[in-house]
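Q: Residue numbering for the first sequence follows the working numbering, beginning at 25 and increasing consecutively.
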Amino acid sequence: MEKRYDFSASAECAIYDDWDSSGAFRSRGGSSKQKSYTIMMPPPNVTGRLHIGHALDNTLQDILVRYHRMRGFDCLWLPGTDHAGIATQLLVSKQLSASGIDFKQLPREEFLEHIWRWKDQYGNIILQQLRRLGASCDWSRVRFTMDEGFLRSVRHAFLRLYEDNLIYRAERLVNWDPRLETAISDLEVNQVSMRGELCLIDYPVVDESSVITIATMRPETLFGDSAVAVHPADERYASFVGLRCLVPLTGRSVPIISDDRVDREQGTGALKITPAHDFLDFEIGRDHSLESIVIFDKRARLNDRVPPAYRGLSREQARKDVVSALRTEGLLREVRAEEHSVPHGERSGVALEPRLTKQWFLRMDDLAARALRAVDDGDTLLLPQIWHSTWRNWLSNIQPWCISRQLLWGHRIPIWYTESGDEIAAISEESALEIAEQRFGKGISLSQDEDVLDTWFSASLWPFSTLGWSDEGFTDSSLLQRYFPTDILMTGFDILFFWVARMMMMSFYFMGCVPFRVVYLHALIRDASGRKMSKSLGNVVNPIDLMDRYGCDALRFTLALQAIPGRDLRLVEKRIEGNRNFITKLWNSARFLELQDCRYDRDFAIGAIEGSLHKWMLVRLRETTIKVERALDDQTCLFHEASSVLYHFLWDVFCDQYLEMVKLVLSNGNAAEKEEARFSSAWIFYGLLRLLHPFVPFVTEKIFCDAEIFASRDKDERLITSQWLSADSLAFTADNWAGEVAELEWVLGLVGEVRSLRSCLGLSPREVVPLRCEDLTSVAERYINAWTIVARGMAGVEWSGRGISGDVIKEEKIVGFVYEGFVNAGLGLPLGFAIAEAKSRVAKQLKRWDSEFEFLKKKCFFDDKFAKNAPEAIKRAEMLKFEEAQRHKELLAKIHQDL
RNA sequence: GGGUCGUUAGCUCAGCUGGUUAGAGUGCCGCCUUGACAUGGCGGAGGUCGCUAGUUCGAGUCUAGCACGACCCACCA
Numbered sequence: 025m026e027k028r029y030d031f032s033a034s035a036e037c038a039i040y041d042d043w044d045s046s047g048a049f050r051s052r053g054g055s056s057k058q059k060s061y062t063i064m065m066p067p068p069n070v071t072g073r074l075h076i077g078h079a080l081d082n083t084l085q086d087i088l089v090r091y092h093r094m095r096g097f098d099c100l101w102l103p104g105t106d107h108a109g110i111a112t113q114l115l116v117s118k119q120l121s122a123s124g125i126d127f128k129q130l131p132r133e134e135f136l137e138h139i140w141r142w143k144d145q146y147g148n149i150i151l152q153q154l155r156r157l158g159a160s161c162d163w164s165r166v167r168f169t170m171d172e173g174f175l176r177s178v179r180h181a182f183l184r185l186y187e188d189n190l191i192y193r194a195e196r197l198v199n200w201d202p203r204l205e206t207a208i209s210d211l212e213v214n215q216v217s218m219r220g221e222l223c224l225i226d227y228p229v230v231d232e233s234s235v236i237t238i239a240t241m242r243p244e245t246l247f248g249d250s251a252v253a254v255h256p257a258d259e260r261y262a263s264f265v266g267l268r269c270l271v272p273l274t275g276r277s278v279p280i281i282s283d284d285r286v287d288r289e290q291g292t293g294a295l296k297i298t299p300a301h302d303f304l305d306f307e308i309g310r311d312h313s314l315e316s317i318v319i320f321d322k323r324a325r326l327n328d329r330v331p332p333a334y335r336g337l338s339r340e341q342a343r344k345d346v347v348s349a350l351r352t353e354g355l356l357r358e359v360r361a362e363e364h365s366v367p368h369g370e371r372s373g374v375a376l377e378p379r380l381t382k383q384w385f386l387r388m389d390d391l392a393a394r395a396l397r398a399v400d401d402g403d404t405l406l407l408p409q410i411w412h413s414t415w416r417n418w419l420s421n422i423q424p425w426c427i428s429r430q431l432l433w434g435h436r437i438p439i440w441y442t443e444s445g446d447e448i449a450a451i452s453e454e455s456a457l458e459i460a461e462q463r464f465g466k467g468i469s470l471s472q473d474e475d476v477l478d479t480w481f482s483a484s485l486w487p488f489s490t491l492g493w494s495d496e497g498f499t500d501s502s503l504l505q506r507y508f509p510t511d512i513l514m515t516g517f518d519i520l521f522f523w524v525a526r527m528m529m530m531s532f533y534f535m536g537c538v539p540f541r542v543v544y545l546h547a548l549i550r551d552a553s554g555r556k557m558s559k560s561l562g563n564v565v566n567p568i569d570l571m572d573r574y575g576c577d578a579l580r581f582t583l584a585l586q587a588i589p590g591r592d593l594r595l596v597e598k599r600i601e602g603n604r605n606f607i608t609k610l611w612n613s614a615r616f617l618e619l620q621d622c623r624y625d626r627d628f629a630i631g632a633i634e635g636s637l638h639k640w641m642l643v644r645l646r647e648t649t650i651k652v653e654r655a656l657d658d659q660t661c662l663f664h665e666a667s668s669v670l671y672h673f674l675w676d677v678f679c680d681q682y683l684e685m686v687k688l689v690l691s692n693g694n695a696a697e698k699e700e701a702r703f704s705s706a707w708i709f710y711g712l713l714r715l716l717h718p719f720v721p722f723v724t725e726k727i728f729c730d731a732e733i734f735a736s737r738d739k740d741e742r743l744i745t746s747q748w749l750s751a752d753s754l755a756f757t758a759d760n761w762a763g764e765v766a767e768l769e770w771v772l773g774l775v776g777e778v779r780s781l782r783s784c785l786g787l788s789p790r791e792v793v794p795l796r797c798e799d800l801t802s803v804a805e806r807y808i809n810a811w812t813i814v815a816r817g818m819a820g821v822e823w824s825g826r827g828i829s830g831d832v833i834k835e836e837k838i839v840g841f842v843y844e845g846f847v848n849a850g851l852g853l854p855l856g857f858a859i860a861e862a863k864s865r866v867a868k869q870l871k872r873w874d875s876e877f878e879f880l881k882k883k884c885f886f887d888d889k890f891a892k893n894a895p896e897a898i899k900r901a902e903m904l905k906f907e908e909a910q911r912h913k914e915l916l917a918k919i920h921q922d923l
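Here it is, written out as C-alpha cells:
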C-alpha cells in the first residue's frame with residue numbers, strides 16, 4: 025500500500041472505471057430471481073452542473089443502492105436528465121444572441137436544432153460529474169425526458185387525459201412572464217417583498233360634484249378599469265352604488281358596483297376593477313359581466329388600448345407618467361410608501377403580469393385526492409413525516425394546473441387544428457390526418473398547436489416512462505413488472521409539489537398504484553453561516569472543488585453525517601477536513617494491519633477464537649452492524665446515525681482500543697496468540713470495510729484491492745460485489761461472550777482512569793508507575809493477571825497483587841490513592857499517588873458524592889410520592905444508586921482522612 | 001392571515017418512546033514523535049439545555065404562554 029491514500033480525481037476515476045467495466049452497476053433485468061431494489065434518480069437539468077444539493081441527493085441514493093446491492097438485491101438505479109424547457113431555451117438563446125442571432129427570427133426547427141446540438145455537446149456533463157461522486161447507477165439505462173420513449177409516453181398520457189376530459193383548453197387569467205413571454209404555473213411564482221407607492225386616486229362621480237377615492241399600487245392599470253367596486257354594506261359609499269364615475273386620463277365612465285369580495289378595511293374601501301390584469305378583479309368582472317380590457321402586450325408594455333402618450337411604455341415608466349399626470353389634474357389625493365409583495369417569475373426574476381390567454385389546463389381535484397389518500401393510508405411513506413400535513417394542505421386546496429407553455433423547447437402539445445378551428449388529438453401527425461380525413465373528408469390541412477408542455481408534465485411520468493411504459497401493449501413491460509413501483513424517491517422538499525405530487529397523481533392514473541413506497545425529502549444545504557447558497561451572495565460551493573481538495577469520500581461522509589431528517593445542513597469546511605482525516609485514519613489502519621502481516625482468510629473460523637480481546641471486538645462489530653442496518657432501513661433512513669456509528673466505531677473502538685491492544689499481543693503474546701490476532705484483526709477489518717463501503721466507496725475499494733491483507737481475494741473480486749457482513753451471519757451472540765465483554769470493559773475503564781490521573785499528576789508518559797493493589801475481588805484478581813500487559817502498555821502501570829508490601833512504591837510523590845475507577849468498577853483498590861493532588865481530588869469527589877448521597881437518601885426514604893408512584897424498577901435502581909453513593913462517600917471520607 | 005420548524009459547550013450540531021454525572025466534531029489548554037497515522041496519541045477545561053408557568057416521584061425531552069430566528073402557503077386596494 026502507498027503511504028498515503030491518493031484521492032485525486034484520476035485515482036478515483038480509475039476505481040470508478042473498474043466498477044463500471046466490471047458491470048457491477050448493472051441491473052439484472054427480468055430474468056433475475058433476486059429481489060429487486062429500484063431508485064429513479066431525480067433527473068438533473070441538462071443545463072445543470074453538479075451543485076452541492078445534487079451531491080447530497082445522489083450520495084444518499086448511492087449509499088442506499090450500494091447497501092442493498094451488497095445485501096443481495098438486484099438494484100436498478102436509473103440515471104437521466106431533464107430537458108428543462110425554460111432553462112435550456114434561455115441558455116441557448118443567450119448563446120445565440122451573443123453571436124448576434126435573435127432566436128425569435130429563426131424558424132422553429134432551426135432553433136431546436138441549435139438546442140439539440142447544444143444538448144449533444146454539453147448535456148451530459150452533469151452525468152460525468154455524478155461519476156466523480158461515485159454514483160453507482162446503471163448507465164445502460166440512462167434516459168432523457170425528450171428521448172423517443174418519452175415522446176411516446178407524453179403523447180399517450182396527454183391523449184388519455186384529454187379523452188377523459190381532464191385536460192381542457194380555456195381562456196383564463198394566468199401568470200404571465202413578460203420576459204420569457206410564456207404562461208407559467210402557480211408554483212413557479214415567487215412573492216417578492218418590495219417597496220412601492222400606494223396611490224389614492226379620485227375618480228369623479230358622473231353628474232355629482234363628489235369623487236370616489238380608490239387606492240392602488242398600480243395606477244398605470246387604470247386604463248384597463250371597467251368598474252369601481254365597494255362592499256354592499258359599506259355605508260360610506262352606499263349612495264354611489266349604481267352611479268358611474270370617470271376613469272381619470274381616459275374620459276371613460278364606468279359603473280360603481282357593489283360586491284362582498286371587496287374588503288372594507290383595505291385601502292379606501294373602494295376598489296378599481298381591472299378584469300384583465302388582476303385575479304380578484306377577473307372574478308368580480310366575470311360575475312358582473314364587465315368588459316376585460318387588455319392593456320399590456322406580451323412583454324408587458326402598454327398597447328394601443330391606452331391613450332397615445334402612454335403606448336409602448338414599460339409598466340414602470342407608465343406608472344411614473346400616470347402619477348404625474350394625475351397630480352397635474354389634481355386627482356392624486358395622496359401617495360404613501362408601502363411594503364407589498366409582488367409576484368415574480370421564479371426563472372426569469374421579473375415581475376409577472378396576470379394575462380388573459382388561451383391555455384391548456386389539467387384538472388387536479390380527483391388526481392390529488394387519490395395522491396392524498398395514498399399517503400394517508402401509508403401506501404407511500406413521507407420522510408420526515410413532518411411533510412404529511414403540508415402534503416395534505418396542498419393537495420386538498422388544489423387549482424387546475426396550467427400545462428401549456430409558449431416556448432419552443434419541449435414536448436409539443438399533440439393537438440392539431442383544422443382551418444376551421446376543430447381540435448384533433450392524436451398520437452402523431454399522420455394519425456391526426458387520418459382522423460381528420462375520416463371526420464371531414466380528404467384534403468384537410470392541419471396545423472399543430474404551437475405550445476409545448478410544462479417540463480414537469482413529462483417529469484411526472486418519470487418513474488414508469490423510464491421503464492418502457494407507454495400505453496396498451498407497448499414494449500418491454502417486463503421491466504415495469506420487475507422494477508415498479510420503485511422503492512424510494514430521494515429528493516429535496518422544494519420540489520415536493522412540482523414533481524413528487526404530480527408523479528404520484530400520474531402513477532395512480534396510469535399505473536393504478538403509487539410510484540414509490542417511500543419519499544425521502546432531504547433538506548437544504550446552507551453555507552457555514554447559515555445563509556442559503558446563491559449566486560448573488562457568491563457563497564455557492566462547488567462540490568467538485570471540495571472533492572479535489574478533500575477527496576470524494578470525505579465529502580460524501582460529511583454529507584451523510586449531516587443528513588438529519590428535516591434539518592437544513594450547514595456546510596462547514598472544517599468538518600470536511602475532519603472527515604478527510606477519518607479517511608486517512610481508515611487508510612492507515614489498513615496499512616498497520618498490512619505491516620503486521622495480518623491476512624484475511626475466508627476459511628478462518630471466528631467460532632474458534634479464544635482471546636477475549638477478539639471476542640469482545642466481534643461483539644462490538646455485531647452491535648455496530650445491527651445499528652447500521654437499523655439506521656439504513658427503508659422506513660427510517662437515518663444516514664447521520666449510521667455514519668456517526670461507523671465513525672466512532674472505526675476511530676475510537678477499532679483503532680484506539682482494539683488495534684492498540686492487538687499491538688501489545690503482537691509484541692508480547694505467544695506464537696498462537698499472535699497468529700490468532702493476525703487472522704482475527706484482518707477478519708474483523710474486512711467486516712468493517714464492508715460496513716463502510718456504501719458511505720466511502722473509493723477508499724474502501726482501494727484498500728480492498730491494494731492491501732496485502734486481502735491478497736487471497738480473486739483477481740477480479742471487488743469490494744462493491746462483496747456480500748454485506750450481516751448481523752445475522754455472525755454466528756455468535758453477545759450473550760455467549762458477555763464475560764469477555766465485561767472483562768474488556770473493565771480493563772478499558774481502568775486504563776482510562778489511570779491515564780486521567782497520571783495526566784493530572786503530571787507523570788511523564790515514559791514513566792512506568794508501580795501500583796500496589798489491595799483487597800482485590802476475585803474478578804479483579806483474574807483480570808489483573810490477564811491484563812498486566814495491557815495495563816503496562818496502555819496505562820503505563822505495573823501492578824502487584826495482594827500480599828506485596830508497600831515498598832514497591834519508589835517515587836516519593838506517589839503516596840496518594842487512585843480510587844474512582846476502581847470504586848466504580850466495584851473494587852476497593854487503593855493505589856499510591858501524590859498526596860496534595862490526591863487530596864484535592866478526593867475532596868472534590870467527596871463533596872459530589874456527599875450531596876448525591878443526601879439527595880438519594882431523601883428520595884428513597886422520605887419522599888412519600890416517590891415511594892407511592894414510581895415504578896418498582898425505578899425504585900430499585902434508585903436504591904442501588906443510594907447504596908453506591910453511600911459506599912463512595914464513606915470510602916472517600918476515609919481516604920480523605922488518611923491523606 | 002393560515003401552517004411548519006428551530007433556539008443545548010466559543011463555533012457547527014446530536015440527544016429515539018420522560019429515568020445514572022446532557023454527548024460528538026471543531027476550536028481552546030497541558031503533555032507526548034524509534035515504526036499505521038502529527039491528517040496522529042493521551043489527558044483536560046467549557047453547558048442553570050431561549051424565557052415563564054404547568055403536568056409528573058422525576059422534564060433538555062410532554063403541555064401552554066412568551067421572546068427571538070428560519071421557512072412554506074394564501075392575500076395585499
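Just so it is clear, CB atoms sit at the ideal spot from N, CA and C, and this is done for glycine as well.
According to DSSP, which residues form a beta bridge with S121?
A: In the DSSP output, where bridge partners are listed per residue, S121 has none listed.
Q: Looking at L419: is its Cβ nearer than 8 Å to the Cβ of A395?
A: Yes, the Cβ-Cβ distance between L419 and A395 is below 8 Å.
Q: In terms of alpha-carbon separation, which member of S372, E307, R351, P243 lies closest to R339?
A: P243
Q: In whole angstroms, what separates the C-alpha of Y192 from that of E212?
A: 21 Å
Q: Determine, using beta carbons only, whether I225 and A251 come nearer to each other than 8 Å.
A: Result no, Cβ atoms of I225 and A251 do not sit closer than 8 Å.
Q: Does DSSP put W384 in a helix, in a strand, or in coil?
A: Of the three classes helix, strand and coil, the one that applies to W384 here is strand, per DSSP.
Q: Go ahead and pull the three-state DSSP assignment for F127.
A: Residue state, collapsed to three classes: helix.
Q: Look at D210 and V374 and say whether their C-beta atoms are less than 8 Å apart.
A: no
Q: Residues in the same chain with beta-carbon distance under 6 Å from Q85, minus the five sequence neighbours each way, listed in chain order, please.
A: I63, M514
Q: CA-CA distance, F663 and S746?
A: 21 Å
Q: To the nearest angstrom, how far is the alpha carbon of L470 from that of L457?
A: Looking at the two C-alpha atoms, the distance is approximately 7 Å.
Q: Looking at the strands, I want to know which residues DSSP matches up with R219.
A: E363
Q: Along the chain, where does the alpha helix (DSSP H) containing T352 start, and where does it finish?
A: Taken as a continuous stretch (DSSP letters only), the alpha helix (DSSP H) holding T352 covers 339-353.
Q: Looking only at its own chain, which residues have a Cβ that is under 7 Å from the Cβ of I149, when we skip the five neighbours before and after it?
A: In the same chain as I149, and ignoring 5 residues on each side of it, the C-beta atoms closer than 7 Å to its own belong to R73, in chain order.
Q: Using the beta-carbon count (16 or more within 10 Å), is R93 buried or exposed?
A: buried
Q: Mind checking whether I87 and P567 have CB atoms under 8 Å apart?
A: no
Q: Roughly how many whole angstroms lie between the Cα atoms of P789 and L595?
A: 38 Å
Q: Tell me whether G516 sits in a helix, a strand or coil according to DSSP, three-state version.
A: Strand, per DSSP.
Q: CA-CA distance, S121 and F127?
A: Their backbone Cα atoms lie some 7 Å apart in a straight line.
Q: Going by DSSP, what residue range makes up the beta strand (DSSP E) through H546?
A: 540-546
Q: Apply the 10 Å Cβ neighbour rule to E358 and answer buried if 16 or more other Cβ atoms are within range, or exposed otherwise.
A: exposed
Q: Restricting to Cα atoms, I'd like to know which of K322, G293, V286, D284 is closest to A300.
A: K322
Q: Where DSSP assigns a beta bridge to D162, which residues make up the other side?
A: DSSP output for D162 lists no bridge partner at all.
Q: Go ahead and label A257 buried or exposed: buried means 16 or more other beta carbons lie within 10 angstroms of its beta carbon, across all protein chains shown.
A: exposed
Q: Quick one: is C537 buried, meaning 16 or more other Cβ sit within 10 Å of its Cβ, or exposed?
A: exposed
Q: Going along the chain, which residues of its own chain have a beta-carbon closer than 8 Å to the beta-carbon of Q290, five neighbours each way excluded?
A: These residues qualify, in order along the chain: A239.
Q: Name the two residues that bound the continuous beta strand (DSSP E) containing K296.
A: 294-297
Q: Which residue's Cα is closest to the Cα of Y186: D403, S780, I437?
A: With distances taken between Cα atoms, Y186 lies closest to I437.
Q: For R288, I'd like the list of residues in its chain whose CB is within less than 6 Å of its CB, leaving aside the five on either flank, ordered along the chain.
A: H255, D258
Q: Is the distance from the Cβ of S558 to the Cβ of V565 below 8 Å?
A: No, the Cβ-Cβ distance between S558 and V565 is not below 8 Å.
Q: For G820, does the three-state DSSP call read helix, strand or coil?
A: coil
Q: Would you be able to state if there are at least three C-beta pairs under 8 Å between the segment 439-446 and the segment 464-481?
A: yes
Q: In angstroms with no decimal places, state the Cα-to-Cα distance between Q423 and R387.
A: 8 Å
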